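As they're listed, the protein sequences go chains B and C.
Going by my numbering, the first sequence opens with residue 1, and the numbers climb by one from there.
Going by my numbering, the second sequence opens with residue 1001, and the numbers climb by one from there.
All remarks here apply to the structure that follows.
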Amino acid sequence: MDSPRLTPFLSMASLIGLWIVAALLTDDAQILPTPWDLLPRFGAEMSSGELFEHLGATLLRVLWAFALAMTLGTGLGLIMGRSERINRWLDPWLVVFLNLPALVLIVLCYLWIGLTEAAAIIAVTLNKVPNVATVVREGGRALNTNLDALAQVYRLGWRTRLQHIILPQLAPFIAAAARSGVAVIWKIVLVVEFLGRSSGIGFQIHLYFQLFDVAMVLVYAFSFICVMLLAEWFLLQPWERRVTRWRKA
Amino acid sequence: MVFVAALGKARDALAKSVITVSIDSKRFGASPVLGALAFSIAAGETVALVGPSGVGKTTLLRIIAGIDSDFEGQIVRPQTMAIVFQEPTLLPWRSVLANLTLIHKGLTHSEAVHMLDDVGLSGKEQLFPGQLSLGQQRRLSLARAFAGRPELLIMDEPFVSLDRETAETMLTLTENLIARHRPATLFVTHSSDEANRLANRTLVMKPLPTGAVLTPSDA
Chain B
1 MDSPRLTPFL
11 SMASLIGLWI
21 VAALLTDDAQ
31 ILPTPWDLLP
41 RFGAEMSSGE
51 LFEHLGATLL
61 RVLWAFALAM
71 TLGTGLGLIM
81 GRSERINRWL
91 DPWLVVFLNL
101 PALVLIVLCY
111 LWIGLTEAAA
121 IIAVTLNKVP
131 NVATVVREGG
141 RALNTNLDAL
151 AQVYRLGWRT
161 RLQHIILPQL
171 APFIAAAARS
181 GVAVIWKIVL
191 VVEFLGRSSG
201 IGFQIHLYFQ
211 LFDVAMVLVY
221 AFSFICVMLL
231 AEWFLLQPWE
241 RRVTRWRKA
Chain C
1001 MVFVAALGKA
1011 RDALAKSVIT
1021 VSIDSKRFGA
1031 SPVLGALAFS
1041 IAAGETVALV
1051 GPSGVGKTTL
1061 LRIIAGIDSD
1071 FEGQIVRPQT
1081 MAIVFQEPTL
1091 LPWRSVLANL
1101 TLIHKGLTHS
1111 EAVHMLDDVG
1121 LSGKEQLFPG
1131 QLSLGQQRRL
1141 SLARAFAGRP
1151 ELLIMDEPFV
1161 SLDRETAETM
1171 LTLTENLIAR
1181 HRPATLFVTH
1191 SSDEANRLAN
1201 RTLVMKPLPT
1211 GAVLTPSDA
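Pasting the structure below:
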């Protein structure tokens, strides 16, 4: 019963089972519908194309914010991990941004930049950069100094150093930041859409919240959870396996 | 006439020098580590650097290699250098072959395979360094050093922490590679046997309150 392949499915099945029990006990589809109550609504949203339109809009925002946050956070974390002097200067900033509520940053970005796509993506990016930088900074501190010396003696170019010496050492830290990043980013994107966009899963949830339509809120939420699970299983986990295969060889 | 001839010989020797070291001082904070010391190594010459633990041998090696630039003095280095650390210091996430070709961009596939063959690692090109024994990792480290045909080879206790048999094999291998490639070589050792086998000359570092110096008779 404890097979590595079977256990995740059994775990997921037990969660759905718990949902079914709770829905049957509630006995009110308006409050908590059963999974099979959602299927016709899900089918209708798919056939009308509306589900894909909003999924696509959210996914695009998640991808932009993820790419920007990972690039900026990795760069910042690496610099702070390598230079104690820069770290002393930037660490208080990091603490401020880590403790700034996501909602405050989102509202400020909308107020300062306007209700635009750029403001939405910047707000999400700024929320995630400090987390990525904090994780990658630890990787930067743990870099092997002998490999630095090696690169110096053999006069390796910056691109070779980055690609073959620094990034492979940072890979476990980047992977950890990426996995937690994706999960956090899409949740913040939903808040951003909820507050100031006219498309995306967050916007639809806002709409059905006003209509008190729990089933449609769940349809949109679960659709995106499925997309993120697929990204985790088919993109992030294979990438992580690839960059760490030398450890298991 | 005698003076002019001597001057000419000295100039020739200097011209043949692959590396010229002239250090005035090196400090870690307020503590002096190295005092005034100067020497040069000619092409094909192998020099052993010996001295008690903590005297500053590795610090001197790091300065010579260009890893530590915080010192007073001057070093004239060649274009191509190679270093062998106490630990193999490989790229564990890249294959054995890539550990040579990524470091030496001009190295062709067949040259890299030939180099691996020279150090007894044929057939292991596609393995990761973690799949090799410590002795094989040291061989790969040596192969990487010689693959770039360095004018100057620096080795920091290259045979330390190896069992007697492996150390002997590595010593013979290094001896052969040095004889074939003939770089100027500077290596740190605590073993008089290694110094006698490999070196043409031995430099002895001696600690002084003003920083370590080379003893005049050996420098």
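A virtual CB, placed ideally from N, CA and C, is assigned to each residue, including glycine.
Since we're looking at a predicted model, the values are computed, not measured.
Contact check for B:Ile185 and B:Val124: beta-carbon distance about 6 Å, within the 8 Å limit, so the pair qualifies. Considering only C:Thr1174, C:Ile1154, C:Arg1062, the residue with the shortest C-alpha distance to B:Thr145 is C:Arg1062. For the stretch 1122-1150 of chain C, the set of positions with a beta-carbon nearer than 8 Å to some beta-carbon of chain B reads Leu1127, Phe1128, Gly1130, Gln1131, Gly1148 in chain order. For C:Arg1094, the CB contacts under 7 Å within the same chain, skipping 5 residues up- and downstream, are Leu1102 in chain order. For the stretch 1167-1201 of chain C, the set of positions with a beta-carbon nearer than 8 Å to some beta-carbon of chain B is empty.
Listed along chain B, no residue sits closer than 9 Å to C:Ala1048 by beta-carbon distance, the nearest being about 20 Å off. Spanning the alpha carbons of B:Thr160 and B:Arg141 requires a straight line of approximately 20 Å.
Below the 7 Å Cβ cutoff, chain B contributes Asn146 as neighbours of C:Phe1085, in chain order. Taken in chain order, the complete alpha helix (DSSP H) segments of 4 or more residues contained in the stretch 1067-1149 of chain C are 1096-1101, 1109-1118, 1134-1147. Chain C places a beta carbon closer than 7 Å to that of B:Gln152, counting this residue as a contact.
When DSSP states are grouped into helix, strand and coil, C:Pro1209 belongs to the coil group. In the assembly as shown, B:Leu78 is a buried residue. Its beta-carbon has 16 or more other beta-carbons within 10 Å. Beta-bridge pairing by DSSP links C:Lys1026 to C:Leu1034. Under the three-pair Cβ rule at 8 Å, the stretch 228-242 of chain B does not count as touching the stretch 72-90 of chain B. Only residues of its own chain outside the window of five on either side were considered, and among them Leu105 have a CB closer than 6 Å to the CB of B:Leu126, listed in chain order. Counting every other CB atom within 10 Å of its CB across the protein chains shown gives B:Lys128 a total of 16 or more, marking it as buried. Taking all protein chains in view, the Cβ of B:Met12 is surrounded by fewer than 16 other Cβ atoms within 10 Å, so the residue is classified as exposed.
Proximity of C:Pro1052 to chain B, defined by a Cβ-Cβ separation below 7 Å, is not satisfied.
With a cutoff of 7 Å on beta-carbon distance, B:Ala176 and B:Leu38 are scored as not near each other.
In the structure shown, the three-state DSSP call for C:Ile1041 is strand. Only those residues of the stretch 1096-1111 of chain C whose C-beta falls short of 7 Å from the nearest C-beta of chain B are listed: Leu1102, Ile1103. Among the CB atoms of chain C, one or more fall inside 7 Å of the CB of B:Ala149. Taking C-beta atoms as the reference points, B:Leu115 and B:Ser223 fail to come closer than 7 Å.
Taking the CA atoms as reference points, C:His1190 sits about 43 Å from B:Thr134. Of all residues in the stretch 1059-1088 of chain C, those with a C-beta nearer than 8 Å to a C-beta of chain B are Arg1062, Ala1065, Gly1066, Ile1067, Met1081, Ala1082, Ile1083, Phe1085, Glu1087, reading in chain order. Residues of chain C with a Cβ closer than 7 Å to the Cβ of B:Pro172 do not exist, since the nearest Cβ in that chain sits about 11 Å away. The shortest CA-to-CA distance from C:Leu1097 to any of C:Ile1041, C:Glu1194, C:Phe1128 is the one to C:Phe1128. Short of 8 Å from the beta carbon of B:Leu167, and not among the five residues preceding or following it, lie these beta carbons of its own chain, in chain order: Ile174. Counting along the chain, B:Ile165 sits inside no alpha helix (DSSP H), nor does DSSP assign it H or E at all. For C:Pro1158, the nearest beta carbon of chain B is not closer than 7 Å to its own beta carbon. The beta-carbon of C:Pro1032 is placed no less than 7 Å from the nearest beta-carbon of chain B. Note: C:Thr1046 is bridge-paired with C:Thr1185 in the DSSP secondary-structure output. For C:Ile1154, there is no enclosing alpha helix (DSSP H); the residue is found in the beta strand (DSSP E) stretching over 1152-1156.
With a cut-off of 8 Å on Cβ pairs, the stretch 1170-1184 of chain C is not in contact with the stretch 1103-1113 of chain C, counting fewer than three such pairs. With distances taken between CA atoms, C:Thr1174 lies nearest to C:Leu1140 out of C:Pro1078, C:Leu1140, C:Asp1163. Against chain B, the CB of C:Pro1092 has a partner CB under 7 Å away; the residue lies at that interface.
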